[in-house]
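Counting in my numbering, the sequence shown runs from 47 upward without gaps.
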Amino acid sequence: MTDMPIVFPASMERGVFQNKEDFKKYQQVAISHHFQPVWVDSNRSIITDTSKINPANKWSIDSLKNTDFSPSHRGRYEWTHDGIKNVKQYMPPSIKDMSYSADDLVAEMDYAGVDMALFIECHI
C-alpha cells in the first residue's frame, strides 16, 4: 500500500469546517434528507423519522432539533429520541471508522474494472 490521501476524512472529525460542532450540524441536515430509512437500534424496525429536524424549514441549520446525533461506525449515524436509539445507514458497512482512503478506492476501482474517477468535494 502507498501512503495516499484520504478520499473522505473521518466523519467524526471536522471535515472542511473550522470546528467539529458546525460539521456535525451540516451532517445532521444532510443525513436527515438521505433516502436510506431510519430504524430503531433495539429491534431494527423501520420508522418514519422527524426526530433530527423540523420539517417546515428542513434545509436550514436553524431547523435542527437538539439531539445527540453523531457518526458512529460502519457507515452508521446514530441518535437518541424519546429514549430510543435510532440509526441511519449512510455509507456501506465496510466503512469501519467512517473514513475511506485513496488506497481503498483504488482497490474497489481495480475490482470493478474502473480506470478513472471524478471527485466533487462536498461538506459531508
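Yeah, the Cβ is synthetic: ideal placement off N, Cα and C, and Gly gets one too.
Alpha carbon of residue i to alpha carbon of residue j, nearest angstrom
i      : j      : result
Lys131 : Pro138 : 20 Å
Ala163 : Leu151 : 10 Å
With 16 other Cβ atoms within 10 Å as the buried cut-off, status of residue i
i      : result
Gly129 : exposed
Ser106 : exposed
Phe165 : exposed
Lys179 : This structure does not reach residue 179, given that the chain is present from 47 up to 170, and the question cannot be answered.
Sub-8 Å separation of residue i and residue j beta-carbons
i      : j      : result
Val98  : Gln74  : The sequence given here has Lys at residue 98, not Val. Closer than 8 Å, so yes.
Arg134 : Tyr123 : In the sequence on display, residue 134 carries Lys and not Arg. Yes. Within cutoff.
Tyr136 : His80  : yes
Asp143 : His119 : yes
Given residue i as reference, the closest of the options once Cα atoms are compared
i      : options              : result
Ser140 : Gly121, Gln82, Lys71 : Gly121
query = Would the segment 108–115 and the segment 82–92 be scored as touching if the rule is three or more Cβ pairs under 8 Å?
reply = no
ask   = Does the segment 154–162 come close enough to the segment 113–121 to have 3 or more Cβ pairs within less than 8 Å?
value = no
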